[in-house]
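Trainee:
Number of protein chains: 4
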Amino acid sequence: MYFASDNTAPISPEILEAIASASQGHAGSYGADPLTEKLTERAREIFETDLAIYPIGTGTAANALALATIVHPYGAVICADEAHIATDECGAPEFYMAGAKLITLPSPDGRITPMQIETAMARAIDGGVHHVLPEAVSITQATEWGTVYAQAQIAEIGQASRRRGLHLHMDGARFANALVHTGATPAELTWKSGIDVLSFGATKNGAMAAEAVVFFNPALAAGFERRRKRAGQLWSKMRFLSAQLHAYLENDLWLTNAAHANRMASRLADGLAALPSVRLMQPVQANEIFAAMPEDMIESLLAEGAVFYRWIEVPGEENPVVRLVTSFATTPHDVEGFLSLATRHAAALTS
Amino acid sequence: MYFASDNTAPISPEILEAIASASQGHAGSYGADPLTEKLTERAREIFETDLAIYPIGTGTAANALALATIVHPYGAVICADEAHIATDECGAPEFYMAGAKLITLPSPDGRITPMQIETAMARAIDGGVHHVLPEAVSITQATEWGTVYAQAQIAEIGQASRRRGLHLHMDGARFANALVHTGATPAELTWKSGIDVLSFGATKNGAMAAEAVVFFNPALAAGFERRRKRAGQLWSKMRFLSAQLHAYLENDLWLTNAAHANRMASRLADGLAALPSVRLMQPVQANEIFAAMPEDMIESLLAEGAVFYRWIEVPGEENPVVRLVTSFATTPHDVEGFLSLATRHAAALTS
Amino acid sequence: MYFASDNTAPISPEILEAIASASQGHAGSYGADPLTEKLTERAREIFETDLAIYPIGTGTAANALALATIVHPYGAVICADEAHIATDECGAPEFYMAGAKLITLPSPDGRITPMQIETAMARAIDGGVHHVLPEAVSITQATEWGTVYAQAQIAEIGQASRRRGLHLHMDGARFANALVHTGATPAELTWKSGIDVLSFGATKNGAMAAEAVVFFNPALAAGFERRRKRAGQLWSKMRFLSAQLHAYLENDLWLTNAAHANRMASRLADGLAALPSVRLMQPVQANEIFAAMPEDMIESLLAEGAVFYRWIEVPGEENPVVRLVTSFATTPHDVEGFLSLATRHAAALTS
Amino acid sequence: MYFASDNTAPISPEILEAIASASQGHAGSYGADPLTEKLTERAREIFETDLAIYPIGTGTAANALALATIVHPYGAVICADEAHIATDECGAPEFYMAGAKLITLPSPDGRITPMQIETAMARAIDGGVHHVLPEAVSITQATEWGTVYAQAQIAEIGQASRRRGLHLHMDGARFANALVHTGATPAELTWKSGIDVLSFGATKNGAMAAEAVVFFNPALAAGFERRRKRAGQLWSKMRFLSAQLHAYLENDLWLTNAAHANRMASRLADGLAALPSVRLMQPVQANEIFAAMPEDMIESLLAEGAVFYRWIEVPGEENPVVRLVTSFATTPHDVEGFLSLATRHAAALTS
């Protein structure tokens, strides 16, 4: 019953197999290998456009590199207050951007709105040279609260950003989970809605360590390769990074894995929502569940071996909130086991 | 006949196997897994001391993180002019150190001397606040010219550094190759000779993507974990980085692989040295050979499928210089094949 | 009727005279001159303690250098959301700190509390290596809302900071105005209450361009001189920076100037408070007044030549808010002139 | 007999007077004042072109800001090995450029050549993404060895730079001294010869603390104002910086001062050259003299009150080298006094 995070899962077997297959003979290093080339082709097919794709080992690096490429050191990125880039990357964006700032907007469900962006921009501009210059917006898909931006919402943000000359970045650590939820195409959820740069995640959805930065306007990527190198993010044996991403995109593995994780989350959420003592904080649209439940219940679940994290306090909610995350490796057995424990405790509480 | 670099080799089978074995069930992320713990224990045994070891995905990141931890932004690192950190990392040290500088010393064979360090230090100090403050020395073992520091040489540098309050870093991207050459123990080549921090390489010697920063004085590592995180160098599925390093150190795999690579280099060097038209630029002590040979010969070898790089021009040498690198995956067949081609071309030249 | 800012004022005559006097013959550069030495002595007398004082040309640089000296690049500074360092320095602290972050706390009157600091610290620590590490607290005295921390309030913040191992910085751009308001001694308002580092402002209170960073624990200042140099903040003809600060502290000029500015602000505030259509947003404790007044009134005042800025919107306040700042150069005539205009407009509005 | 540096001189009386004159009444801050506007007009007249000029307090900041504006963090600047930016600014360029590097070229007389630039560029490009990308060349006029680039030399460097897509920066800390020596116009020595950005110095030639960054192509200056602000280099009472520069350019004060300094240097150099025991290391073309002389002579001169610095060792020169700098404030009496002492000692040595 491991719901702590999707990064506690092992490697998807297909991806492990691809790593082994790639380990045959010599190959050019630093990306001069056939697999890296094939990855670019595959990505262009999937996103139905010309693009530049750069494999990266971690999601934090992908985000930080993407932002540093589109924002000057005297600039700023507008994002949600609970954005991963703002709270969980130990200042990586600020480090990579050489001190540029994040301007965070309050967001109860993880999403930000065009109006908020407009207001933040207006205030920043009003400050003249005394204030950092917003040059980009970053949204997370799926969000840190497990919700998903609909295509129309992204398109509105895209328009608001364009109006103000802001680049639009998407932190897609769980892009596949969002994609599966919406039913839109990869192109629709990204460049067709105004996304300029995507941090494309695979690690949480089955890879060992594999993300990519995708520029839909390759001209924006100027200098990216040297930025990646000086960040220590250029793998010498790059083929093993590309092999993971290529396998991830082959035979719809990414969609299959994400659909499974979402299904498990959905089932878990439905079960929990039926319990009188549990309250879901957000609609469950991807593979994360945020649920308020009595302290006693949390402690009992943990004591019986369920693994998950407490989350931040939510104003107005009397019970503590926990986060449950499913993955491609979550089994129906895990879900039923957890629900059965939870049901028993809920009954005990109300009896 | 692939002698372009040791990073064009595949994954050592034992390490690939270890990755597969680690991919069983869930495990704590970001290093909270049993393999990472076992790695620390194993490293302590091998180096015969208490130490802190941090797995990292690339060698450039390992160097840059190590240096940033021991040097202030207003500081400097003294190193050889052809040091990897100075010429091949696209400014990664300067980026991670927030602008601190490298002070490079001329070195025809890749090694620097205590006297050079002393002179550089004296000049820097003489500049007062107008000059960056050297706070560390970095040496490469084996060096970028394929030579190896003897233990006594390191110990002298260690003493010179300590006298001046300088920390001593070793870029050990090819540490195993140097170790095997010297016959010294890992402890003797490092902390017993004054090394404070080691970038411990495994990728070039059989791993997929695995290096480590080793602090022999754990107190020096203060803040390292946050530095690693904000650099985007903390793998979420850390067990797969630790698994590589653990397998690398098990059953002397690292020594076996390095000994093989060195042997292949030695055989290749002997064969080339016997040719009248070829001149070895340096004694071959690890797995790299730098050889001057006529342009015609280089072109013929490349045309017949040998893969290797031309190197920088060496003043006073009339012929171009090439670099040949062997690895755990180099076969005697490769070596013989190359020598046989070279011999034929040498004969053609002199006939 | 110039109330736009205290930095629109000219140079205090005594300070201009000191610059002229210092311009006699040759003197050692970069601080090796007698005036710089005398300044240190004078500052030690005034603050009744050993200290290190470094003259700096601008307040933004003083703040940024002070913070960079006490916070690592992976660290953070806790401050008020409207702190000058957060909103008006275009990211200077982040630049100088190499990417460290500001953690901002909501503060309706410019002051932050020990409880807020404690909560922010607890949350940061809870995030482990994924979160930047708070290493300092920064408070502004007088605050950006024209209020003044009482000595006891600073002491409580000092204790809360010390308990958590946080250094305590004071942005004293208007330190003299605060000092005069409280009647405390310079020592009481700073190191006796737990301040480790002070940005000591003089420019807004009569200097041409002169601030100083004061370390009450000189050991904390390690590396400061090189930081100042590499920031391009070390004046070659330093005597002219020291001359300003020395004159500022001679014959109580700083207190006289601040007392005058405060008196002018107080008179202006009293006059405005008496008008039915004007509401003071904060008690006026230093030389800044924040007043809500009808849009018509603002436009009329501006049209008749009064110079001042509109401020940020204040939630719950229907009228716009303006800021009025007095200085050593504000005359009773200016104040009376402004009040007379305001009174006329207020009468027009209510008639 | 103060020959330590031109920054040990006081303020030129005309400039001191301008500061006093500017200190009348209120004025807009941060550059919104009439003097700053007038300065731009005057600079355009003098350089005979449209340009953007930004006043800055120190030369180190001017250089660092200029370079950071035209070089990416993954880039590099090509310069002489003894360039001020390389040896005397404690890493300011690297700090401001967020880690970009300097590529230094050996230069016995302070000047670099188009061929050296070409070679450095070729090697850098050959390193691909593993090597920083040169994006600018920086030359010093007059050089750190007191020599002056002729207009034709600058023009050749300008062409070499343009061919390689490199911006061309001039560190003009002693621009006036060079200008006077060449007899060229300001335009000829800068943009007409390919200079894109000039660090225009005034402090060493009579100002209190005043330099400027001049962009001859204003489009290159994008973002400069925010860079200046976040560097803490934007004076709030900017009029006092502009006043200095404006007075500097009025009535040819800058040329008069520089011509005087050059004349004093020339006279001093001629006198020294006539002594058998003294050897001038370089032709004296501006206001700096580098002279080798016997250790005994140096000690005697210092003992009798002459103030000057010993310089770095020059290979092949048996005697130590000293630097003597003249300024607008150097008197013929100083020069004669020094020469008379030197002559006496030279006689003593040879007798």
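Protein sequence lines correspond, in order, to chains A, B, C and D.
The numbering of the first sequence is the working numbering, which starts it at 2 and goes up by one.
The numbering of the second sequence is the working numbering, which starts it at 2 and goes up by one.
The numbering of the third sequence is the working numbering, which starts it at 2 and goes up by one.
The numbering of the fourth sequence is the working numbering, which starts it at 2 and goes up by one.
For every residue, glycine included, the Cβ atom is placed at its ideal position computed from N, Cα and C.
As the structure is a prediction and not an experimental result, all values here were calculated from the model.
(1) Quick one, which residues of the stretch 50-80 of chain C are near chain A if we go by CB-CB under 8 Å, in chain order?
(2) May I ask which residues mark the beginning and end of the beta strand (DSSP E) holding Glu-212 (chain C)?
(3) Leu-106 (chain B) by DSSP, collapsed to three states: which one?
(4) For the beta strand (DSSP E) that contains Gln-141 (chain C), what are its first and last residues?
(5) Using a cut-off of 9 Å between C-beta atoms, extract the partners of Ala-23 (chain C) located in chain B.
(6) For Asp-197 (chain B), tell me which candidate among B:Phe-329, B:Asn-206, B:Leu-68 and B:Ala-203 has the shortest Cα-Cα distance.
(7) For Arg-165 (chain B), does the three-state DSSP call read helix, strand or coil?
(8) Nearest CA to the CA of Leu-246 (chain B): which residue from B:Pro-107, B:Gln-160, B:Ser-200 and B:Glu-157?
(9) Give me the Cα-Cα distance between Glu-145 (chain B) and Glu-83 (chain B), rounded to the nearest whole angstrom.
(10) Mapping DSSP to helix, strand and coil, what is His-182 (chain A)?
(11) For a quick check, are the C-beta atoms of Arg-228 (chain D) and Tyr-31 (chain D) less than 9 Å apart?
(12) Taking 9 Å as the threshold (C-beta atoms), are Glu-90 (chain A) and Thr-61 (chain A) in contact?
(13) When the Cα of Gly-122 (chain A) is compared with those of A:Arg-324, A:Ile-12, A:Ala-287 and A:Ala-77, which residue comes out closest?
(14) Just list the residues that DSSP pairs Val-78 (chain A) with in beta bridges.
(15) May I ask which residues mark the beginning and end of the beta strand (DSSP E) holding Arg-175 (chain C)?
(16) Whose Cβ in chain A lies nearer than 7 Å to the Cβ of Lys-102 (chain C)?
(17) Might you give, ordered along the chain, the residues of its own chain that have their beta carbon closer than 6 Å to the beta carbon of Ala-93 (chain A), omitting 5 neighbours on each side?
(18) Is Cys-80 (chain D) near the ligand PLP, with its Cβ less than 8 Å from a heavy atom?
(19) Buried or exposed for Ala-177 (chain A), please, with buried defined as at least 16 other CB atoms from any protein chain shown within 10 angstroms of its CB.
(20) Should His-27 (chain B) be flagged as near chain C, meaning a C-beta pair shorter than 9 Å?
(21) What's the C-alpha gap between Ala-275 (chain C) and Leu-269 (chain C)?
(22) From the DSSP output, read off the bridge partner residues of Phe-201 (chain D).
(23) Taking contact to mean at least 3 C-beta pairs separated by less than 8 Å, is the stretch 156-169 of chain C in contact with the stretch 98-109 of chain C?
(24) Any idea which residues DSSP pairs Ala-292 (chain D) with across the strands?
(25) Could you spell out the range, first to last residue, of the alpha helix (DSSP H) harbouring Ile-57 (chain A)?
(26) Look at the alpha carbon of Gly-58 (chain B) and the alpha carbon of Thr-59 (chain A), and state the distance between them as a whole number of angstroms.
(27) Pick from B:Trp-192, B:Ala-174 and B:Trp-312: whose alpha carbon is nearest that of Asp-401 (chain D)?
(28) With a threshold of 16 other CB atoms inside 10 Å of the CB of Met-116 (chain A), please say whether the residue is buried or exposed.
(29) Going by Cα to Cα distance, which pick from A:Asn-258, A:Thr-88 and A:Tyr-75 is closest to Leu-180 (chain A)?
(30) Tell me which residues of the stretch 258-270 of chain D have at least one Cβ-Cβ distance to chain C shorter than 7 Å, keeping chain order.
(31) Quick one: what does DSSP say Arg-45 (chain C) is sitting in, helix, strand or coil?
(32) Under 8 Å, with one C-beta from each stretch per pair, do the stretch 224-244 of chain C and the stretch 30-47 of chain C reach the 3-pair mark?
(33) I'd like to check one pair, Pro-321 (chain D) with Met-294 (chain D): are the Cβ atoms closer than 9 Å?
(34) In angstroms, rounded to a whole number, what distance separates the CA positions of Tyr-249 (chain A) and Ala-223 (chain B)?
(35) Give me the Cα-Cα distance between Tyr-150 (chain B) and Pro-74 (chain B), rounded to the nearest whole angstrom.
(36) Which residues of chain D have a Cβ atom closer than 7 Å to the Cβ of Pro-321 (chain C), listed in chain order?
Mentor: According to the structure data:
(1) Pro-74, Tyr-75 and Ala-77
(2) 212-216
(3) For Leu-106 (chain B), the three-state secondary structure derived from DSSP is strand.
(4) First, the residue type needs correcting, since residue 141 (chain C) is Thr and not Gln in the sequence shown. In the DSSP annotation of this structure, the continuous segment of the beta strand (DSSP E) that includes Thr-141 (chain C) starts and ends at 134-141.
(5) Simply none; closest approach about 22 Å.
(6) B:Leu-68
(7) coil
(8) B:Ser-200
(9) 7 Å
(10) Reduced to three states, the DSSP call for His-182 (chain A) is helix.
(11) No. Outside cutoff.
(12) yes
(13) The sequence shown places Met at residue 122 (chain A), not Gly. Residue A:Ala-77 is the option with its Cα nearest to Met-122 (chain A).
(14) A:Leu-103 and A:Ala-137
(15) Segment: none, Arg-175 (chain C) is in no beta strand (DSSP E) and carries neither H nor E.
(16) Gly-92 and Glu-95
(17) Exclusion of the five residues before and after Ala-93 (chain A) leaves Thr-61 and Ala-65 as the residues of its chain whose Cβ lies within less than 6 Å of its Cβ.
(18) Annotation note on the ligand PLP: not contained in the displayed structure, which lists no ligands.
(19) buried
(20) no
(21) 10 Å
(22) D:Gly-173 and D:Ala-213
(23) Cβ pair count under 8 Å is below three, so no.
(24) D:Leu-281 and D:Val-323
(25) DSSP places Ile-57 (chain A) in no alpha helix (DSSP H) but in the uninterrupted beta strand (DSSP E) bounded by 53-57.
(26) 10 Å
(27) Residue coverage of chain D in this structure runs from 2 to 352, which leaves residue 401 (chain D) outside it and unanswerable.
(28) exposed
(29) Ranked by Cα distance from Leu-180 (chain A), the options A:Asn-258, A:Thr-88 and A:Tyr-75 are led by A:Asn-258.
(30) If you check each beta-carbon in the stretch 258-270 of chain D against every beta-carbon of chain C, none falls closer than 7 Å.
(31) helix
(32) yes
(33) yes
(34) 38 Å
(35) Rounded to whole angstroms, the separation of the alpha carbons of Pro-74 (chain B) and Tyr-150 (chain B) is 29 Å.
(36) The premise fails here: Pro-321 (chain C) is roughly 22 Å from chain D at the closest Cβ pair, so nothing lies under 7 Å.
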